[in-house]
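From first to last, the protein sequence lines stand for chains C and L.
So my numbering is basically just the index in the first sequence, starting at one, shifted up by 4.
So my numbering is basically just the index in the second sequence, starting at one, shifted up by 107.
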Amino acid sequence: MRIFGTWGYLAFLVWAIVLGMLATEARVIFVLGFVIVFSASFFPSGLKPVRRPEFWFLVASAVLLSPFLIGEKDLSLFGLGLSRQGFWAGLWMALRALSMALAVGGFAYAVSADEIARLFEMAGLKGLGFAVGVAFNLLPTLEETARNAYQAMRLRGGFQRERLRALRMLLVAIVVNALRRGDEVVEAAEARAFRPDGPRQALLPPGRADLALVAVLIALGAGLLAWP
Amino acid sequence: MKTRFTTRDLVYIAVFGALWGVLEITFGSYLHLIFPPIATPLVGVGTIMTAVGMVVALIGRLFVPRAGSVLMIGLVVAILKALSMGGVKLSAMIAIIIECLLAELGLFLSRKPGLRRAQSSRRGGFMFAGCLAVLWTFFHKFFASYIFLGRGIYEVYLGILKKGSQALGIETGYALVIVAAYLLIRIVVGGLAGWLASDLGRAVRARLTQAERDRE
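As structure tokens, then:
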């Protein structure tokens, strides 16, 4: 069962991004620490990226390359000039990126596509939820039709001469096929009496847990920034 | 509040958003592999993918000729990117939304009253919108480095000058020339994207009209 609603998770995301930007040097460790503890407690799936080697490759590259690229070289290691300032800048940079990436990843895991779309709809972008849903379902179909169109042209020798013209024809064929598929979706939606301006379930207002979380986040953020 | 987009508009927005999304997954991943940032200092993969995305979004504008349709396509792509494309890339998502906003601004500024004039100026408007959107890729380096990595703007500027001077084979002292080269390349690429969108959009429309006639 979810303890927080969409508003609570949104507050956590905004907090992590804002504090990630404003917190300087060692304070970033506290931001990252809070993000990890919160994610592990309320949406452990959000920490999945941590298991990927490429994630750590990106973090390590920021830390390891910065002494070579940032600041004046004041150290020498195996004949290579390194910068202490660059190392620290790289470390804070990596931790900042890490905390923001984990917060955004956690938010995406904790909040469904429908809730995100409803947030946008509340901001005046009506119909976005429907568009995102349709786009999500169309992704594999479009990928397949694009591949089929490419294979069909290639088998007919389409790319052997006048490659640019063939590429243009391929792009036109892909867009035309996509629009035809779109027309089928329109017919299906209209057959089900779908109206973009029809009544839609609104997001639930922030609950007590969301409000308590917002209060904790504000207090924590203010304390962290005011800390000398 | 009554929504401005019809069901067909929303489905077409989804279609073009999904098309851009598919290109990001396939073509974008491929480009990231064959063009590492070090190999392409003046035109990064981001610039190429923005131009490709703008071609798709602006064709979408031809089929959903309402203000805000390009922004909606961008929002769909950004959400798809967050939910399905191998982890969340906040910087890229923000870039897509800002680029679409700039494209909308370009289309708004180049709009002219009257259908005929609007049609005649469409190619110009698309090129202007493409230029504005692709130009952002230059400024996004400063924005993203400052916001996400905490690097100073001056530091990023120096890095850009260094890469630019190496690519152009001139001294870093010619800062104005280097920055102008960066901007010029993006203006040309963006203009090309707008022109291509207008050209392909017309070809798509002609093909659909022909198919409709054949059916009748």
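Positions of the beta carbon are idealized from the N, C-alpha and C atoms, including for glycine.
For C:GLY85, the enclosing beta strand (DSSP E) has its first and last residue at 84-86.
Every alpha helix (DSSP H) of 4 residues or more that sits fully in the segment 254-297 of chain L is shown, in chain order, as 260-275.
Going by DSSP, C:LEU79 is part of the beta strand (DSSP E) stretching over 79-81. Residues of the segment 175-186 of chain C with a C-beta atom less than 9 Å from some C-beta of chain L are LEU175, VAL176, ALA177, ILE178, VAL179, VAL180, ALA182, LEU183, ARG184, ARG185 and GLY186, listed in chain order. In chain order, LEU117 make up the part of chain L whose C-beta sits under 7 Å from the C-beta of C:PHE134. Rounded to the nearest angstrom, the gap between the Cα atoms of C:GLY83 and L:VAL284 is 35 Å. The C-alpha of L:THR316 lies about 55 Å from the C-alpha of C:LEU215.
In this chain, the alpha helix (DSSP H) harbouring L:TRP127 covers 114-130. Scanning its chain for C-beta atoms nearer than 6 Å, with the 5 sequence neighbours on each side dropped, one finds around C:ALA93 the residues SER70 and ILE74, in chain order. Close CB contacts of C:LEU228 within its chain, under the 8 Å cut and outside five residues either way in sequence, are with LEU23, ALA27, ARG31, PHE34 and VAL35 (chain order). A residue is called buried when at least 16 other Cβ atoms come within 10 angstroms of its Cβ; C:GLU191 does not meet this threshold and is exposed. Chain-order list of chain L residues neighbouring C:VAL189: VAL118, by C-beta distance under 7 Å.
Proximity of chain L to C:GLY85 at the Cβ level (cut-off 8 Å) is not reached, the minimal Cβ distance being about 16 Å. Within chain L, the residues whose beta carbon sits less than 7 Å from that of C:VAL138 are VAL118 and ALA121, listed in sequence order. Classified as buried, L:GLY232 has 16 or more neighbouring CB atoms from the shown chains inside 10 Å of its CB. DSSP, read as helix, strand or coil, puts C:SER116 in coil.
In the structure shown, L:LYS188 adopts helical secondary structure according to DSSP, grouped into three states. Here L:GLN317 carries a helix assignment [DSSP, helix/strand/coil].
DSSP, reduced to helix, strand and coil, places L:TRP302 within a helical segment of the structure shown.
When the alpha-carbon of L:LEU138 is set against those of L:ARG293, L:LYS270, L:ILE155 and L:LEU149, the nearest one is in L:ILE155.
At a C-beta separation below 8 Å, L:ALA310 has these neighbours in chain C: ARG172 and VAL176. Using a Cβ-Cβ cut-off of 9 Å, C:ILE40 is close to nothing in chain L; its nearest Cβ partner there is about 16 Å away.
Excluding residues up to 5 positions away in sequence, MET104 and ALA107 lie with their Cβ nearer than 7 Å to the Cβ of C:ILE21 in the same chain.
Counted as a single uninterrupted DSSP element, the alpha helix (DSSP H) harbouring C:GLN155 occupies residues 132-159.
Taking CB atoms only, L:ALA125 has a neighbour in chain C less than 8 Å away. Selection L:LYS188, L:LEU275, L:GLY213 and L:LEU117 evaluated against L:PHE170 yields L:LEU117 as nearest (Cα-Cα). In the structure shown, the three-state DSSP call for C:ALA170 is helix. A straight-line Cα-Cα distance of about 21 Å links L:LEU209 and C:GLU125.
Neighbours of C:ALA193 across chain L, judged by C-beta separation under 8 Å: THR114 and VAL118. With contacts defined as CB atoms closer than 8 Å, L:THR279 and L:LEU268 qualify as a contacting pair.
Given a length threshold of 3 residues, the segment 197-231 of chain C has no whole run of the beta strand (DSSP E) inside it. The beta-carbon of L:GLU262 is placed less than 8 Å from the nearest beta-carbon of chain C. In this structure, the alpha-carbon of C:LEU17 lies about 11 Å from that of C:PHE42. A check of alpha carbon separations from C:LEU143 across L:ALA287, L:ILE186, L:SER198 and L:GLY213 identifies L:ILE186 as the nearest. Distance from L:VAL241 to L:MET161 at the Cβ level is roughly 7 Å; contact confirmed, criterion being Cβ atoms closer than 8 Å.
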